[in-house]
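All letters in the sequence shown, in the order written, are residues 1 to 418 by UniProt numbering.
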Amino acid sequence: MPFRSRSARQSPRSRRSASLNAQLALIMALIGIAGAVGITVLLASLITPGFDRLETAPEHAPTLGRHILLMAVGGSILLLLVVLVTLRRIIAHRVLAPLERLRAHMQHVCASGLLAPLEVGDRRDEIGSLGKSFNAMLGQLDRQREQIEAQSFLLGRSANAVEVMHNVRNALNPISTILSQGSAETPAVDRALLGRTLSELAQSDLSADRREKLAAFALACIDALDEARRAQVGQLEIGREALAHVLDIIGAQQADAHQPFALDPCDITDVIARNATIARYAGGLSIAFSFPAEPQPVLANRLILSQVIGNLFANAAEAIAATGRQNGAITVNVDRHDNTVRVRIRDDGEGFAPEDGPALFRRGFSTRTNKAGGLGLHWCANAMAAMRGSLALHSEGKGRGAVAELHLEAPTEENVEL
Ligand SMILES: Nc1ncnc2c1ncn2[C@@H]1O[C@H](COP(=O)(O)OP(=O)(O)OP(=O)(O)O)[C@@H](O)[C@H]1O
Ligand SMILES: [Mg+2]
1 MPFRSRSARQ SPRSRRSASL NAQLALIMAL IGIAGAVGIT VLLASLITPG FDRLETAPEH
61 APTLGRHILL MAVGGSILLL LVVLVTLRRI IAHRVLAPLE RLRAHMQHVC ASGLLAPLEV
121 GDRRDEIGSL GKSFNAMLGQ LDRQREQIEA QSFLLGRSAN AVEVMHNVRN ALNPISTILS
181 QGSAETPAVD RALLGRTLSE LAQSDLSADR REKLAAFALA CIDALDEARR AQVGQLEIGR
241 EALAHVLDII GAQQADAHQP FALDPCDITD VIARNATIAR YAGGLSIAFS FPAEPQPVLA
301 NRLILSQVIG NLFANAAEAI AATGRQNGAI TVNVDRHDNT VRVRIRDDGE GFAPEDGPAL
361 FRRGFSTRTN KAGGLGLHWC ANAMAAMRGS LALHSEGKGR GAVAELHLEA PTEENVEL
């Protein structure tokens, strides 16, 4: 440890310099010698006249003895007091004041988080060495703090990338369904039959009745082709919208990597409607969606909110698929209480035991075996918290569906314009 090796390197110098212990011992010895000399001088100056009187009047001897004893005791007490007061001052000045400075500095470091070094001067005793060790420790802490910041930045970036990939995969899912449905679709018109009809129509000896029937059939074929083409264009339009969503997710990620969410008023009904159109194609199920038509402004980041709703719809669709049915229903309700907008997404999927609810939000927890899941709810809850909102998932039990409940702030009157 650098701290230890540093103090080990300092020790010869400390030995050369006067340690605090040695300083105190020296000071006490000096005070002791000075006191002893002082008492001797005092006693000598008091006793000498007494001895003079003893020679002339020996009957004063006992009184003189008592006086000398009292003076010796008084002098010792006085000396002790002087030593104690001087020691107290020296300790306060040399030990307590620097320790107090060190404590105040530590408190400042704790409160401000600034790792500024302590002013230690050129003291070479234990206090000086304590200050230097403290400064060395602050330096080490500073370097470690920098390392941790760099590491958490990298960690945050990779966690962020995983989340973006997850949402991109979520948004790509319906596109894959649309494309597979499109390629598996049987042609709306039997081309061979239409060919035969047209060549028969070209014959000149055809009866009027037959010609009429064939013409009607050819027209019906054209209508069917037209209808199929329109349906295909509709699906491609949804696919294009889903792809635009994917590009938005990636684009926003590149633009504001590590920036806090900007919260703006946006219409949650519109976000729900767009996601419902895309989620109809989730997993190839037939899902009946119902949601309100009236606009409801909320304060959120539109793109993030759209990803949250997309995740919750995908979860609902997966919960429906998990029942084994090919169809299900997702119902969305939106209401406002004071300044809070509540959105409830109810599905008739497999549900879960109520006590399992909190565990579903753990990163990595997933019951879906067809994918490496377990990020959706965790990410959604964090995203909602970042938008000053919340997310909860309830179920009355297995087989009884589930309700995802979102809370968001309603915009204030100044920014309600959408
Ligand atoms: N609407 C729901 N009904 C029933 N169970 C649900 C519902 N939504 C989530 N769950 C359960 O919570 C688990 C965690 O959901 P979460 O969205 O975090 O992960 P995932 O859907 O499994 O994978 P992914 O990371 O792709 O979203 C799911 O595996 C599922 O067991
Ligand atoms: Mg999910």
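All residues carry an ideal CB built from backbone N, CA and C; glycine is no exception.
Nothing here was measured: the structure is a model prediction, and the numbers come from that model.
Query	Result
Residue span of the beta strand (DSSP E) that contains F289, given as start and end	286 to 290
Test item, CB below 5 Å from any non-hydrogen atom of ligand 2	N315, G376
Outcome for V233 when other beta-carbon atoms lying within 10 angstroms are tallied against a minimum of 16	exposed
D267, enclosing beta strand (DSSP E) - first and last residue	264 to 267
Contact test: F313 Cβ vs ligand 1 heavy atom, cutoff 7 Å	no
Whole-angstrom C-beta distance between V164 and I249, which should lie under 8 Å	6 Å
G195 classed as buried or exposed, judged by whether at least 16 other C-beta atoms fall within 10 angstroms	exposed
Supposed close pair G239, I178 - CB separation, criterion 8 Å	4 Å
Collapsed DSSP secondary structure at P117 in the structure displayed	coil
Closer than 7 Å: G399 CB and nearest ligand 1 heavy atom	no
The stretch 340 to 357 contacting the stretch 312 to 327, beta-carbon criterion three pairs below 8 Å	yes
Which of helix, strand or coil DSSP assigns to G74	helix
Per DSSP, the bridge partner or partners of D347	I330, A402
Check whether R342 and T331 have beta carbons under 8 Å apart	no
Proximity below 8 Å, CB of L406 to CB of L391	yes
Pick from L312, T323, V41 that is closest to L360, judged by C-alpha positions	L312
Other residues of its chain near S5: CB distance less than 6 Å, five sequence neighbours each side excluded	A caution first: S5 carries a pLDDT of 35, below 50, which makes its placement in the model unreliable, though a value can still be read off. For S5, where only same-chain residues beyond five positions count, there are no Cβ hits under 6 Å.
Near ligand 1: R274 beta-carbon under 7 Å from a heavy atom	no
Distance CB(A192)-CB(A242) smaller than 8 Å	no
For R325, three-class secondary structure by DSSP	coil
beta-carbon E350 near ligand 1 non-hydrogen atom, thresh 7 Å	yes
Separation of I148 from M28, as counted between CA atoms	50 Å
Within 8 Å, strictly: CB atoms of G364 and L393	no
Straight-line Cα distance separating A372 from L305	23 Å
Three-way DSSP call (helix, strand, coil) for T56 in this model	helix
Cβ-heavy atom distance, R325 to ligand 1, below 7 Å	no
Contacts around H166, its chain only, beta-carbon distance under 6 Å, and the 5 residues preceding and following it disregarded	L375
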